[in-house]
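Asks:
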Amino acid sequence: MNKRFEKINPKKTALLVIDMQNDFVKKGAVIEVANARKILKNLQKFADECRKKKMIVIFTKHIYDPKKNPVEAVLFPELEKMGLRKNTYGADVASDLKIEKSDIVLEKNRYDAFYQTKLESILKKKSITDLIITGTMTNVCCESTARGAMMRDFNVWFCSDLTATSNKEKHLCSLKTIATHFGKVLKSSEIWKFLS
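The sequence shown begins at 8 in our numbering and counts up one residue at a time.
In structure tokens form, the structure reads like this:
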């Protein structure tokens, strides 16, 4: 990687926790990602550490709305009757993850958290240059957001051990794509080596 990935300034860095919602995380959920449950504990610890270092923490919540994302209705027919509905338990961030008063919660209707949301303006107002991406699903909303971030000139730090999807093959394929074209892929424990 080039000089853009030599260091992380905590004051200019935000942690993105992508879609760690009950409808993905809970056992038997409508779009269950069992692997997402495995990262909950370490993700909470990592978020706490980011807060201690004065980084901004942003949680995204994917909200199903066929009017705003008609293709999703076709790709995920199981969502036609239930799941990821605004103001429901399923759409809430999993209770295993604590949301602090200083955190930001952002709703989105597309895979890319930048698309038709205030994410970019929030980050620019706070002079953020670097994003640490975590959450689920690795190959869908996490990767889409990483791509969107890179296209907007943010430095993407993608945590391989704090992202999850339905199986290892999809996870590794996504990590390879991101590492090759969109950002730096590393374990969460390695992040601290780059702090300036």
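The beta-carbon is built from N, C-alpha and C at its ideal position, and this holds for glycine as well.
Enumerated in chain order, which unbroken segments of the alpha helix (DSSP H) with a length of 4 residues or greater are wholly contained in the stretch 41-68?
Replies: If we require 4 residues or more, the alpha helix (DSSP H) runs fully inside the stretch 41-68 come out as 41-45, 47-59.
Asks: Locate the beta strand (DSSP E) running through Asn162, then write down its first and last residues.
Replies: Its beta strand (DSSP E) spans residues 162-171.
Asks: Taking all protein chains shown into account, do 16 or more other C-beta atoms lie within 10 angstroms of the C-beta of Leu2, making it buried, or fewer, making it exposed?
Replies: Residue 2 falls outside the range modelled here, since the chain spans only 8 to 203, and no answer is possible.
Asks: Can you grab the Cα-Cα spacing for the pair Leu202 / Phe161, in whole Å?
Replies: Their Cα atoms are separated by approximately 17 Å.
Asks: Comparing alpha-carbon positions, which option in Pro84, Thr145, Gly155 lies nearest Glu176?
Replies: The shortest C-alpha separation from Glu176 is found at Thr145.
Asks: Can you check which of these residues, Arg154, Tyr96, Ser102, is closest to Tyr122 by C-alpha distance?
Replies: Closest by alpha carbon: Arg154.
Asks: Have a look at Ile207 and Leu86 and give me their C-alpha separation to the nearest angstrom.
Replies: Outside the displayed range of the chain (8 to 203) lies residue 207, so it cannot be described from this structure.
Asks: Where does the unbroken beta strand (DSSP E) through Lys115 begin, and where does it stop?
Replies: Unbroken beta strand (DSSP E) run through Lys115: 111-115.
Asks: When DSSP builds the beta bridges, which residues end up paired with Leu126?
Replies: BP columns for Leu126 are empty, so no partner.
Asks: Compare the beta carbon distance of Leu104 and Cys57 with 9 Å and say whether it is the shorter of the two.
Replies: Against a cut-off of 9 Å, the Cβ pair of Cys57 and Leu104 comes out as no contact.
Asks: Taking only the alpha-carbon atoms, compute the straight-line gap between Glu150 and Asn94 and give it to the nearest angstrom.
Replies: Going by the C-alpha atoms only, they are around 25 Å apart.
Asks: What residue range is occupied by the uninterrupted beta strand (DSSP E) comprising Ala98?
Replies: Neither: Ala98 is in no beta strand (DSSP E) and is coded neither H nor E.
Asks: By DSSP, does Lys19 sit in helix, in strand, or in coil?
Replies: Lys19 falls in the helix class under three-state DSSP.
Asks: Since I believe Ile70 is in contact with Ala101 (beta carbons under 8 Å), could you give me their beta-carbon distance rounded to a whole number of angstroms?
Replies: With 8 Å as the limit, Ala101 and Ile70 do not qualify as a contact, their Cβ atoms being about 16 Å apart.
Asks: Write down the C-beta distance between Lys133 and Ile46 rounded to the nearest angstrom, noting that I regard them as a contact closer than 8 Å.
Replies: Incorrect: roughly 26 Å between the Cβ atoms, too far for contact.
Asks: Can you tell me whether DSSP reads Lys191 as helix, strand or coil?
Replies: If DSSP states are grouped into helix, strand and coil, Lys191 belongs with the strands.
Asks: According to DSSP, is Asp72 helix, strand or coil?
Replies: The answer is coil: DSSP assigns Asp72 none of H, G, I, E or B.
Asks: Going by C-alpha to C-alpha distance, which of Ala43, Val24, Glu13 sits closest to His178?
Replies: If we check each option's Cα against that of His178, Ala43 comes out closest.
Asks: Look up Gly35 in the DSSP assignment and say whether it is helix, strand or coil.
Replies: Gly35 falls in the coil class under three-state DSSP.
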